[in-house]
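The structure appears below as structure tokens.
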């Protein structure tokens, strides 16, 4: 029975130690991780913006092959 309790205590110590080690790792590297995430988000947004703008642009109408005169014809009626 004592061996089971010793094994449970050892496992508890290992889990606690791993938790502390993980917390220390995150504390030391939080700035780097945040900066990496920020750069990734900026990269994704920069890649998505041209597609969004392209979808929002209206269709460009076709240019006619022939046009009328520069001055509209007069009908002789007063304005």
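Numbering (our numbering), first residue to last: 3 to 81.
Don't be surprised by glycine CBs; every beta carbon is placed ideally from N, CA and C.
How many Å lie between residue 70 and residue 76 at the Cα?
Distance between the alpha carbons of residue 70 and residue 76 is about 14 Å.
Cα separation between residue 25 and residue 34?
Here the alpha carbons of residue 34 and residue 25 stand approximately 15 Å from one another.
Proximal residues to residue 6 (C-beta, below 8 Å), its chain only, five neighbours per side dropped
Its chain contains no residue whose beta carbon lies nearer than 8 Å to that of residue 6 once the 5 sequence neighbours on both sides are disregarded.
Three-state secondary structure assigned by DSSP to residue 73
In this structure, residue 73 counts as coil in the three-state DSSP scheme.
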